[in-house]
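All the letters of the sequence shown, read from the start, carry residue numbers 687 to 942 under the working numbering. Even glycine gets a Cβ: it sits at the ideal position worked out from N, Cα and C. Structure, as structure tokens:
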Amino acid sequence: MELVLVLVVLGGLVAVAVAAGKSGKNRELARVEAEVAPVKRLAEEDVTALGVELQDLDIDLAGEQLDPGANADYQRALDSYEAAKVAAAGLTRAEDVRHVTEILEDGRYAMACVRARVAGQPLPQRRPPCFFDPRHGLSVADVPWTPPGGTSRDVPACALDVERVRAGAEPDIRKVMVGSRRVPYWQGGRAYQPYAQGYFGTFSPMDWMFMGMLFGGGFDGIGDGIGAIGEGIGDLFGGIGDGIGGMFDGFDGFDF
Numbered sequence: 687m688e689l690v691l692v693l694v695v696l697g698g699l700v701a702v703a704v705a706a707g708k709s710g711k712n713r714e715l716a717r718v719e720a721e722v723a724p725v726k727r728l729a730e731e732d733v734t735a736l737g738v739e740l741q742d743l744d745i746d747l748a749g750e751q752l753d754p755g756a757n758a759d760y761q762r763a764l765d766s767y768e769a770a771k772v773a774a775a776g777l778t779r780a781e782d783v784r785h786v787t788e789i790l791e792d793g794r795y796a797m798a799c800v801r802a803r804v805a806g807q808p809l810p811q812r813r814p815p816c817f818f819d820p821r822h823g824l825s826v827a828d829v830p831w832t833p834p835g836g837t838s839r840d841v842p843a844c845a846l847d848v849e850r851v852r853a854g855a856e857p858d859i860r861k862v863m864v865g866s867r868r869v870p871y872w873q874g875g876r877a878y879q880p881y882a883q884g885y886f887g888t889f890s891p892m893d894w895m896f897m898g899m900l901f902g903g904g905f906d907g908i909g910d911g912i913g914a915i916g917e918g919i920g921d922l923f924g925g926i927g928d929g930i931g932g933m934f935d936g937f938d939g940f941d942f
């Protein structure tokens, strides 16, 4: 009889552990879906913005005869738009957005090359996009900027944002929704780090800005992740504990 009871208890423990594991997987899937949704929306907005810029470029180039170099750069920009659109539509993980923004960065540089060739100017230096909003295109200079409660950094900025910062005005910052608040994209949490790395990762001086230490506040996202892991572990062991407690409640009538 005791052996039977032991086997029943062991079987119950296994069943509870399996159920807890499935519950944990479901929670993880829900977390991933919730994490990727806003990042995917952000990437799709950036793809749309590039499409609008290409339409503007078409209008500006109307009647222009493109030389082979300009034609190649123009085709490269078109290909970037199509590739980014496909990549954004297929996003299933937040970290995959880095591939989308890498493509967009290259497409915008190709467009800048087209404009330079048509104008008979030297090809532009390959600079990072505007830090405040990568949709602004290539930066033209680095400007010292101090965010509220942060540390002063030299960041790349487009011409308009350079003027704003030097005049003491607020730059045009790309913001995202986090809960009920709109915050700069670099404060959106760990899910937005790959988004920024795709735009800036090839420019090594920018690497340190997106490795969990941006402006001295980047560890918030890491802390949130550790907290979520802790909660998951707590839920798992809590479920196992509840299951074991329930099984032993059923043995109240037995005298061991």
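For Arg867, the uninterrupted beta strand (DSSP E) run begins and ends at 867 to 870, by DSSP. About 14 Å separates the beta carbons of Ala780 and Val864, which is beyond the 8 Å limit, so they are not a contact pair. In this structure, the beta-carbon distance from Asp732 to Thr778 does not fall below 8 Å. Secondary structure within the stretch 782 to 860: the alpha helix (DSSP H) runs of 4 or more consecutive residues, fully enclosed, are 783 to 804, 845 to 852 (chain order).
When the Cα atoms are used, Glu739 and Asp792 turn out to be separated by approximately 14 Å. A direct Cα-Cα distance of roughly 38 Å separates Val869 from Ala756. As computed with DSSP, Val864 is found in a beta bridge with Arg867.
Beyond the five residues adjoining it in sequence on each side, Ala877 comes within less than 6 Å, by CB distance, of Glu721, Val725, Ala780 in the same chain, given in chain order. Non-local beta-carbon contacts of Asp759 in its own chain, meaning distances under 8 Å to residues more than five positions away in sequence, involve Ala796, Met797, Cys799, Val800, Arg803 in chain order. Selection Ala805, Arg784, Lys771 evaluated against Thr734 yields Lys771 as nearest (Cα-Cα). Cβ neighbours of Ala774 within its own chain (closer than 7 Å, five residues either side excluded): Lys726, Ala729, Glu730, Val733, Val786. Remark: C-beta atoms of Val829 and Val851 approach each other more closely than 8 Å.
Judged by DSSP secondary structure, Tyr878 falls outside any alpha helix (DSSP H); it is assigned neither H nor E. The Cβ atoms of Arg839 and Ser825 do not sit closer than 8 Å to each other.
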